[in-house]
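Notes follow the structure.
In our numbering, the protein residues as written are 1 to 461.
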């Protein structure tokens with residue numbers, strides 16, 4: 001199971017309570033504050049100044065040292081909900097690459113009337129050299145917090161602090177959804193299902209060979225007490241039973257475990273009652289460091305070479321998902337290699353046809369443009385240089401690739417080369433299907449479960 005983020009409310013604090021944060025200082029830690037200094041001074045930091053040991057020493061003490069103390073206070077002790085009131089600090093040294101830094105915060109005094117806490121603060125090296133010392137006064141949180149912890153993501157200053165976490169919050173607000181989890185007989189998929197249940201997103205029904213399920217739980221140290229289970233002969237049978245539950249209204253969502261995606265989807269589509277007027281399609285919802293909004297990528301898992309009608313359904317399914325997570329009018333970019341329509345590149349013709357469908361109301365709820373090359377879809381600068389003027393160019397929320405290969409390569413590029421986190425969902429059936437990968441982190445699995453909960457609650461499936 002994942003770690004948790006918790007805070008300390010004023011009532012739980014006692015004089016003498018203490019918390020530590022330890023970090024090995026790398027070159028990138030100090031470089032981050034050099035870059036920040038360049039930004040806030042209008043890029044007025046040249047290479048010579050940036051390399052000067054005196055300049056770096058001041059930034060390391062005031063930036064890295066103080067930053068560790070503030071991070072400890074803001075994230076753990078007292079944690080989220082704290083507000084800074086005053087600082088009185090002495091700076092005695094500098095952190096250097098290779099140092100082990102230790103930030104220490106201790107409760108010195110409590111003011112019940114004001115709800116404030118005075119903290120004795122110290123940042124030092126493991127060798128005992130003091131970097132920063134003094135007192136910081138904060139207003140302590142009044143509301144307790146406890147939630148699963150996930151990897152932090154660097155975002156643009158005007159973006160939401162954590163967009164996958166926001167999806168989780170939307171899922172919790174939608175309420176627990178009874179979810180058939182298909183063959184969770186490996187550690188990641190079983191832990192992901194239980195973690196999603198603990199996070200308040202789903203009410204899992206684990207369908208799998210019970211011997212294999214129990215062995216997976218024992219291997220991971222997971223407790224299945226109180227969790228509903230259904231025995232299955234194998235993965236195919238588990239998928240068929242999940243589809244049966246959905247047909248009978250006994251589950252509102254399905255979640256993939258240790259089973260091939262095509263096997264699971266075949267079992268769903270084999271039941272006519274679970275089909276809708278739209279083609280089934282898949283969407284990755286990507287939280288990408290440095291991009292100021294969620295990025296939806298489709299279709300990377302279901303439709304190999306979509307024709308025009310299938311592509312229309314892919315676009316509309318993805319728009320509906322964007323609406324469900326609160327994007328009122330998403331911007332859809334139909335991707336190709338170029339921005340001009342040419343007979344030599346079939347995807348440009350298809351993109352133009354989809355845009356015409358949107359113009360005539362066959363696709364609704366979004367601004368749609370294409371063909372667009374990737375750079376012109378996500379970079380306003382690139383779009384300006386090429387003279388493109390549209391509501392979508394440079395500001396896309398949704399990227400529609402011409403085929404599965406292109407979408408899959410794009411999504412994995414974002415994940416493994418650009419540090420994105422992704423949730424996966426299949427839409428177009430009567431119930432949403434959370435499609436997780438064996439390589440997904442617990443946080444990504446929770447986000448996929450949250451998408452299923454949101455869609456089930458909204459009726460957009």
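Glycine residues also receive a C-beta, built at the ideal position from the N, C-alpha and C atoms.
Item                                                                                                                                                                             : Value
Which two residues bound the contiguous beta strand (DSSP E) that contains residue 144?                                                                                          : Looking at the DSSP string, residue 144 is not in any beta strand (DSSP E), and its letter there is neither H nor E.
Which class does residue 260 belong to by DSSP, given the choice of helix, strand or coil?                                                                                       : coil
From residue 305 to residue 320, what distance separates their C-alpha atoms?                                                                                                    : 22 angstroms
Using the C-alpha atoms, what's the distance from residue 252 back to residue 458?                                                                                               : 11 angstroms
If residue 325 and residue 368 are in contact, beta carbons under 8 angstroms, what's the gap, nearest whole angstrom?                                                           : Between residue 368 and residue 325 the Cβ distance is about 19 angstroms, and since that is not below 8 angstroms, they are no contact.
Is it buried or exposed, residue 444, if we count other Cβ atoms within 10 angstroms and call 16 or more buried?                                                                 : buried
From the DSSP output, which residues share a beta bridge with residue 6?                                                                                                         : 146
Where do the ends of the beta strand (DSSP E) carrying residue 131 lie?                                                                                                          : 130-139
When you compare the CB positions of residue 294 and residue 163, do they come within less than 9 angstroms of one another, or not?                                              : yes
Going straight from the alpha carbon of residue 276 to that of residue 317, what length do you get?                                                                              : 12 angstroms
Hey, how far is the Cα of residue 453 from the Cα of residue 92?                                                                                                                 : 52 angstroms
Check whether the region 391-409 and the region 335-351 are in contact - that is, three or more C-beta pairs closer than 8 angstroms.                                            : yes
Which full runs of the alpha helix (DSSP H) of 4+ residues lie inside the region 206-260, going along the chain?                                                                 : 210-220 and 235-247
Using the rule of at least 16 other Cβ atoms within 10 Å of the residue's Cβ for burial, across every protein chain shown, is residue 105 buried or exposed?                     : buried
Are the CB atoms of residue 178 and residue 205 within a distance shorter than 9 angstroms?                                                                                      : yes
DSSP state of residue 331, grouped into three classes?                                                                                                                           : strand
Based on DSSP bridge pairs, tell me the residues matched to residue 372.                                                                                                         : 335
Roughly how far, in whole angstroms, is the beta-carbon of residue 372 from the beta-carbon of residue 393, given that I think they are within contact range, below 8 angstroms? : 6 angstroms
Ignore the nearest five residues each way along the sequence and tell me which others in residue 86's own chain have a CB closer than 6 angstroms to its CB.                     : 137
Return the Cβ separation of residue 438 and residue 188 in integer angstroms, given the expectation that the two are a contact with Cβ distance under 8 angstroms.               : 6 angstroms
Between which two residues does the beta strand (DSSP E) holding residue 284 run?                                                                                                : 281-287
Assign residue 437 to one of three DSSP states: helix, strand, or coil.                                                                                                          : coil
Measure how close the beta-carbons of residue 298 and residue 281 come, nearest whole angstrom, since I'm counting them as under 8 angstroms.                                    : 6 angstroms
From the DSSP output, which residues share a beta bridge with residue 105?                                                                                                       : 19 and 121
Measuring alpha carbon to alpha carbon, tell me which of 311, 388, 190 and 303 ends up nearest residue 340.                                                                      : 388
Report the CB separation of residue 288 from residue 418 in whole angstroms; it is logged as a contact under 8 angstroms.                                                        : 6 angstroms
Going straight from the alpha carbon of residue 209 to that of residue 237, what length do you get?                                                                              : 9 angstroms
From this set, 134, 110, 264 and 314, which residue's C-alpha is nearest residue 140's C-alpha?                                                                                  : 110
In this structure, how does DSSP classify residue 24 when only helix, strand and coil are distinguished?                                                                         : strand
With 16 as the cutoff for other CB atoms within 10 Å, does residue 283 come out buried or exposed?                                                                               : buried
Within 10 Å of its beta-carbon, does residue 420 have 16 or more other beta-carbons around it, so buried, or fewer, so exposed?                                                  : buried
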